[in-house]
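Report on one structure; see the data block that follows.
2 protein chains.
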Amino acid sequence: MSGHKPSPLAVDIRRVAAEAGVSIATVSRVLNNPSRVSPQTRERVLEIATRLGYRPNPNGKRLRKGRAETIGLVIPSPPGRFADSFFLELLAGLGEGLSDAGLDLLVATCPPGTEELGCYRRLVEGKRVDGLVVARTRRYDERIAYLLAQNIPFVSHGRSDLISTPYPYLDVDGQQGFYMATQHLLHLGHRNIAFIGAPRELNFATHRLAGYRQAMLEAGIPIRPEWLLEGDLSENSGYQLAQILLAPPEMPTAILCANDLMALGVLRALRERGLKGGREVSVIGYDDIPQAQYTDPPLSTVHQPFRDTGKRLVEMLLARLGGAPVSALQEVWVPELVLRGSDGPPQP
Amino acid sequence: MSGHKPSPLAVDIRRVAAEAGVSIATVSRVLNNPSRVSPQTRERVLEIATRLGYRPNPNGKRLRKGRAETIGLVIPSPPGRFADSFFLELLAGLGEGLSDAGLDLLVATCPPGTEELGCYRRLVEGKRVDGLVVARTRRYDERIAYLLAQNIPFVSHGRSDLISTPYPYLDVDGQQGFYMATQHLLHLGHRNIAFIGAPRELNFATHRLAGYRQAMLEAGIPIRPEWLLEGDLSENSGYQLAQILLAPPEMPTAILCANDLMALGVLRALRERGLKGGREVSVIGYDDIPQAQYTDPPLSTVHQPFRDTGKRLVEMLLARLGGAPVSALQEVWVPELVLRGSDGPPQP
DNA sequence: GTACGTGATGTAAACGTTTTCCATACCTTA
DNA sequence: TAAGGTATGGAAAACGTTTACATCACGTAC
């Protein structure tokens, strides 16, 4: 019992050619290299092709061209998937540009126990993709090292510090972002500013921390080690760490969080203690996730334009596939500090 | 300036055959139909194939077999993308089963302005996928109608009411879920239960509403029209509608929300008015998104096993591709009511 | 001893494109 | 008018598989 039969009359290039009274070569040329064929026949073939609803079979094309006409994105295994909206926005941005270029987007999620690199191997060594987008870069990123070694085109969202060979990336400058955020708090008069960071192996963790450090250093304010914590980017983690920070004897007057989710947790902890974010304690997050507008108080944060990022990443990858040199494909964007209600001058 | 060169020595089936001293047909058989070849040669070929790291070129295979070896998922355009974690969990579940089966997952996101059906057309008429997963079904779902008409295998997450031809689906019974939730509230003594629903065209909206209606009917409690609202599933929408419900003269003692995000909004509205969820007003959501555990109070809700759903959807789709009859591929799961802190007996 | 099934392998065709090479006809130019 | 360039289109090879069919050797049954 066969579940489905293939479409009754597959209309292939032969059919179009026959109908138009030309060779298949001509039909192919009309579609891929229109200038190589006379206007009259071009029109005729085109008309017939659309009338018949002809769509070149992608597999034939791919085989002949030796390309997959597909780019890949590997989504890390979900235990540790803390940024849902990030990936979906990115996906949306990627998809948009790709379908315009006639490319497909292959998404692989590596199963929980699996080595992430294995997913990449499968995709590139199995010739399933022409290029890749690498997200959530780590400080030393073996994925990037691997792709460089294989000499396969890719672009990375975020840099990887400890890799010497240049490669294309698009990064939003987390250092700058948190430099601005910290400076803002300093200008408001804060001196006791705590920092809840991200896991060290993630590259942006280092950058955001560096921004905080730089601002504090410039202001001549020493950083208390007990106010320098590291969370796992989950809401709950922010909540837990806030408990530590808010315990006596001395509380910070402001808390900087490496992402919004943790900031949400901090706000929850404040609320439970009857403290109001933005009054007793200022809180600033990073990412500007959708919920950030609706917290109580609305969360001040550093905005990342994920969607635009995705779109640009596609452009860069396309350029790379087209042979553009790496040096032209390294961008660092400056993020924007979005002040809502969760920051304010310190209580006297 | 070419961005990258293809791998220096592509190892194809010919190479393996030559190395093993057999014909390419034999190599192919070893990989696809091992019983057709003698144990000795099978071993030898296998050994050589792995030593050389041979991977059949997917495009050759796909062309010959006339299949895409890919299944598709269309993610709706993000304005209106209210369930981030839903799609990512689903993706994770799908991906897991698929890579085991050697299939790829093609994800298309239709650009904001675009007709969603167009994405489906592109995928199936362009022969880019062998099958599809349809998510977030609508009451009359043109996508399902289209796929049925095209006779292309698919499974749907959720049913579509107004389509007569049977098709494979996996649904979590929202009616049952909210029937249980409402009954629970009734048992607690609530009589004034409001309902914030989802947009009517979404199929689960109808189901969840029906569960509420059924329980109220059985209890002999008339439903007040002013307590029957419809939101857009966003957190903010829940917040706005709660303002209406909480306005004098008379407030409901419990509010049922068609999804957790809106329930979060309701909790926020309560908080702002100094009311405590679960004491003054009970709130129950639907979905059990990650944040639900961490709200204040923790949100009582109806749990949907998205990940398992994704895994099962793949199994069903595979079965369908293998020719299983539709009648064996229709499942309705019973969800689980998860009681946390946001429900309780009504205030006297 | 001939005929025949059977198991193992090879040959070659096909899948649907793109692209290289040729052939033809035309136009230009000396 | 001959020579050579240019525009146009066709024939055929190639991309890397899978699979229908042919071949061959061998054991078995009569």
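Chains as they are written, first to last, in this note's numbering: chain W, 4 to 351; chain B, 4 to 351. For glycine and all other residues, C-beta sits at the position ideal for the given N, C-alpha and C.
key: Inter-residue Cα distance where the pair is Glu275/B and Ile247/B   = Those two C-alpha atoms are separated by around 14 Å.
query = When we look at the beta-carbon of Asn60/W and count the other beta-carbons within 10 Å, is it buried (16 or more) or exposed?
reply = When all chains shown are included, Asn60/W counts as buried.
task = Please state whether DSSP places Glu334/W in a helix, a strand or coil.
result = If DSSP states are grouped into helix, strand and coil, Glu334/W belongs with the strands.
message = With the cut-off set at 8 Å, would you say Arg282/B and Gly347/B are in Cβ contact?
response = If you check the CB distance, Arg282/B and Gly347/B come in under 8 Å.
inquiry  = For a cutoff of 8 Å on Cβ pairs, would you count Thr209/B as touching chain W?
reply    = So no, Thr209/B is outside the interface.
ask   = Quick one: which chain B residues come within Cβ less than 8 Å of Glu128/W?
value = Within chain B, the residues near Glu128/W are Gly56 and Arg58.
ask   = beta strand (DSSP E) containing Leu232/B: first to last residue?
value = Unbroken beta strand (DSSP E) run through Leu232/B: Leu231 to Glu233.
ask   = In the region 129-189 of chain W, which residue ranges form an unbroken beta strand (DSSP E) of at least 3 residues, counting only runs that do not cross its ends?
value = You should have 134-137, 157-160 and 172-175.
request  = Compute the Euclidean distance between the alpha carbons of Glu355/B and Ile16/B, then round it to the nearest angstrom.
outcome  = Outside the modelled stretch of chain B, which goes from 4 to 351, sits residue 355/B, for which no answer is possible.
ask   = Rounded C-beta distance between Pro114/B and Leu332/B? I'm assuming under 8 Å.
value = Taking 8 Å as the upper bound for CB-CB distance, Pro114/B and Leu332/B are not in contact here, some 32 Å apart.
ask   = Can Cys122/W and Ala111/W be called in contact, C-beta distance under 8 Å?
value = Taking a C-beta distance under 8 Å as the contact criterion, Cys122/W and Ala111/W qualify as a contact pair.
query = Closest Cβ-Cβ distance between Asp263/W and chain B: below 8 Å?
reply = So, not an interface residue.
request  = Give the secondary structure of Ser38/W by DSSP, where H, G and I count as helix, E and B as strand, and everything else as coil.
outcome  = The three-state secondary structure of Ser38/W, taken from DSSP, is helix.
task = To the nearest angstrom, report how far apart Leu173/B and Val158/B are at their CA atoms.
result = The C-alpha of Leu173/B lies about 7 Å from the C-alpha of Val158/B.
message = Determine, for Leu91/W, whether the minimum Cβ-Cβ distance to residues of chain B falls below 8 Å.
response = Interface residue, yes.
task = Quick one: which residues of the region 228-240 of chain B get their C-beta closer than 9 Å to a C-beta of chain W? List them in chain order.
result = For the region 228-240 of chain B, which is checked against every Cβ of chain W, the residues closer than 9 Å are Ser237, Glu238 and Asn239.
Ile78/B: contacting residues in chain W (beta-carbon distance under 9 Å) = Within chain W, the residues near Ile78/B are Leu91, Leu94, Ala95 and Gly98.
ask   = Going along the region 244-255 of chain B in order, which residues come within less than 8 Å of chain W, judged by CB to CB distance?
value = For the region 244-255 of chain B, which is checked against every Cβ of chain W, not one residue is closer than 8 Å.
request  = Taking Asp107/W as part of the beta strand (DSSP E), name the residues at either end of that continuous run.
outcome  = Residue range Asp107 to Thr112 is occupied by the beta strand (DSSP E) that includes Asp107/W.
ask   = Considering only residues of the same chain and omitting the five flanking positions on each side of Gly83/W, which have a CB-CB separation below 6 Å?
value = Per-residue confidence for Gly83/W stands at a pLDDT of 49, beneath the threshold of 50, marking its modelled position as unreliable; the derived number appears in the next sentence. Excluding positions up to five away in sequence, the list is empty.
ask   = Would the beta-carbon of Val127/W fall within 8 Å of that of Ile166/W?
value = No, the pair does not count as a contact, with Cβ atoms beyond the cut-off.
ask   = If we cut at 8 Å on Cβ distances, does Thr304/B have a partner in chain W?
value = Taking Cβ atoms only, chain W never reaches closer than 8 Å to Thr304/B, which makes this a no.
key: 7 Å Cβ cut-off: residues of chain W touching Pro61/B   = Those within 7 Å of Pro61/B in chain W are Gly129, Lys130 and Arg131.
ask   = Does the Cβ of Glu204/B have 16 or more other Cβ atoms within 10 Å, making it buried, or fewer, making it exposed?
value = Glu204/B counts as exposed, since fewer than 16 other beta carbons sit within 10 angstroms of its beta carbon.
query = Straight-line CA distance for Ser240/W to Ile224/B?
reply = Roughly 43 Å separates the two Cα atoms.
request  = Report all residues from its chain with a CB closer than 7 Å to the CB of Val329/B; omit the five preceding and five following residues, and keep chain order.
outcome  = Excluding residues within five positions, the ones whose Cβ falls inside 7 Å are Pro169, Tyr170 and Pro171.
query = Between which two residues does the alpha helix (DSSP H) carrying Leu76/W extend?
reply = That residue, Leu76/W, is in no alpha helix (DSSP H); its beta strand (DSSP E) goes Thr73 to Ile78.
message = For a test of the three-state rule: what should DSSP assign to Ala16/W, helix, strand or coil?
response = In the sequence as presented, Ala is not what sits at residue 16/W; that position holds Ile. Looking at Ile16/W - three-state DSSP - the assignment turns out to be helix.
query = Below 8 Å between beta carbons: does that hold for Ala353/B and Ala201/B?
reply = Because chain B in this structure spans residues 4 to 351, residue 353/B falls outside the shown range and cannot be described.
query = Where Arg39/B and Gly98/W are concerned, what is the direct C-alpha to C-alpha distance, given to the nearest angstrom?
reply = Taking the straight line joining both Cα atoms gives about 43 Å.
task = Classify Val48/B as helix, strand or coil using the three-state DSSP reduction.
result = Annotated three-state conformation of Val48/B is helix, per DSSP.
key: Check whether Asp359/W and Leu264/W have beta carbons under 8 Å apart   = A question about residue 359/W goes unanswered here, because the residues of chain W that appear run from 4 up to 351.
inquiry  = Can you pull out the residues from the region 151-167 of chain B whose beta carbon lies closer than 7 Å to at least one beta carbon of chain W?
reply    = Going along the region 151-167 of chain B in chain order, one finds Asn154, Ile155 and Pro156 with a Cβ nearer than 7 Å to chain W.
query = Whose Cβ in chain W lies nearer than 9 Å to the Cβ of Leu205/B?
reply = In chain W, no part has a C-beta under 9 Å from the C-beta of Leu205/B; the shortest such distance is about 18 Å.
key: Coil, strand or helix - Gly288/B by DSSP   = If DSSP states are grouped into helix, strand and coil, Gly288/B belongs with coil.
ask   = How would you write the range of the beta strand (DSSP E) that Glu204/W sits in, first residue to last?
value = Going by DSSP, Glu204/W is part of no beta strand (DSSP E) at all; its letter is neither H nor E.
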